[in-house]
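Under the working numbering, the first residue of the sequence shown carries the number 2, and numbering increases by one thereafter.
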Amino acid sequence: MSTPGISELTRLRATRPEAITEAARRRRRRPLLAGNGRMMIIAADHPARGALGVAGRPHAMASRLDLLERLCVALARPGVDGVLGTPDILEDLLLLGALENKVVVGSMNRGGLAGAAFEMDDRFTAYRAADIERSRFDAGKLLLRIDDTDPGSLATMVGAATAVTELAERGLTAMVEPFVSRRVDGRVRNDVSVEAVIRSIAIASGIGATSAYTWLKVPLTRDVDDMARVAEATTLPLVLLGGEVSGDADATFQRWHKALRLPSVYGLVVGRTLLYPPDDDVAGAVDTAVGLL
């Protein structure tokens with residue numbers, strides 16, 4: 002069967018849902034780390050949390066066809082190793098043939114909807130470890146936000162520990178994204194001070210029955226010079242969370258470049274910043290980020 006165009010996805014889903022399983026079975030896989038031993042992953046799991054805005058554009062991610070087109074452009078660029086997403090997005094990309102020889106990371110807990118009263122109780126509503134294994138994907142990503150004043154954080158932590166254990170039992174990587182967080186004026190804010198990032202790493206490193214397959218996805222601290230202290234907080238492999246690009250994009254890219262020089266940092270995970278750059282040049286933004294590796 003030929004690869005469907007984006008406009009044909011709905012018809013294919015309606016008439017041949019089994020095509021998703023068939024595409025997953027055929028997909029050519031690759032090692033987590035290849036080539037230069039670094040990893041560039043495009044993140045696209047924001048919509049499942051109801052987070053559709055990008056840098057002043059509140060509904061930028063509302064069009065699924067537009068998002069898929071941007072993802073296909075990004076994944077086709079040299080040096081892009083893979084993608085992180087929820088089942089709906091990854092299955093579309095499977096049908097489009099965009100995941101061949103790519104690292105595929107399934108996003109697991111999306112229940113903490115952006116702005117919801119229960120945001121800190123981030124239930125596992127997307128992939129389970131068994132689903133990631135069955136789909137022949139390579140890793141599972143989970144968000145672990147820790148708010149000492151919100152009991153929902155404990156439920157999230159227990160779910161995260163279970164996911165880490167179940168992924169490891171299958172020899173699959175757990176990519177854990179930890180934050181010390183708090184609710185301010187009804188919104189959850191992540192603390193990226195060096196002390197908070199180190200504390201979140203200490204907690205995330207110890208969850209689950211084994212850390213053998215655990216990687217940590219960590220943010221840049223406010224002062225990039227402090228990232229050396231962050232890297233010393235664990236022996237687990239690290240990837241950087243790219244986050245938002247400031248008004249001075251060159252300065253942001255230089256901060257990423259400096260942090261990527263640390264020996265325990267193996268790559269970069271960036272989403273909306275590269276998929277929706279101010280000039281809408283997805284290829285150019287992705288190529289710039291790849292060059293930092």
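Virtual Cβ for every residue (Gly too), placed ideally from N, Cα, C.
I'd like to check one pair, residue j with residue i: are the Cβ atoms closer than 7 Å?
i, j, result
"residue 241", "residue 269", "yes"
"residue 291", "residue 41", "yes"
"residue 169", "residue 213", "yes"
"residue 58", "residue 284", "no"
"residue 147", "residue 141", "no"
"residue 274", "residue 243", "yes"
"residue 123", "residue 104", "no"
"residue 45", "residue 7", "no"
"residue 286", "residue 265", "no"
"residue 52", "residue 115", "yes"
"residue 165", "residue 175", "yes"
"residue 93", "residue 69", "yes"
Could you name the residues that DSSP lists as bridge partners for residue i?
i, result
"residue 189", "184"
"residue 141", "107, 175"
"residue 146", "180"
"residue 243", "The partner list for residue 243 (beta bridge, DSSP) is empty, contrary to what the question assumes."
"residue 270", "42, 242"
Taking the alpha helix (DSSP H) that residue i falls in, what are its first and last residues?
i, result
"residue 273", "273-276"
"residue 56", "First-last for residue 56: undefined, no H or E at that position."
"residue 256", "250-260"
"residue 166", "153-170"
How is the beta strand (DSSP E) around residue i delimited, first residue to last?
i, result
"residue 215", "215-220"
"residue 7", "Taken as a continuous stretch (DSSP letters only), residue 7 belongs to no beta strand (DSSP E), as it is neither H nor E."
Output yes if chain D places a C-beta closer than 7 Å to the C-beta of residue i; else output no.
i, result
"residue 237", "In summary, chain D is missing from the structure at hand, where a single protein chain is found."
- Residue ranges of each beta strand (DSSP E) run of no fewer than 3 residues wholly in the segment 9-52, ordered along the chain? 40-45
- Within the chosen definition, does the segment 208-225 reach the segment 254-262 through at least 3 CB pairs nearer than 8 Å? yes
- Query: Given 8 Å as the limit, is there contact between the segment 191-208 and the segment 108-119, that is, 3 or more CB pairs closer than that?
  - Reply: no
- Item | Every unbroken alpha helix (DSSP H) inside the segment 68-111 [4 residues or more] | 88-96
- Query: Is it true that the segment 160-175 meets the segment 183-199, where meeting means three or more beta-carbon pairs spaced less than 8 Å apart?
  - Reply: no
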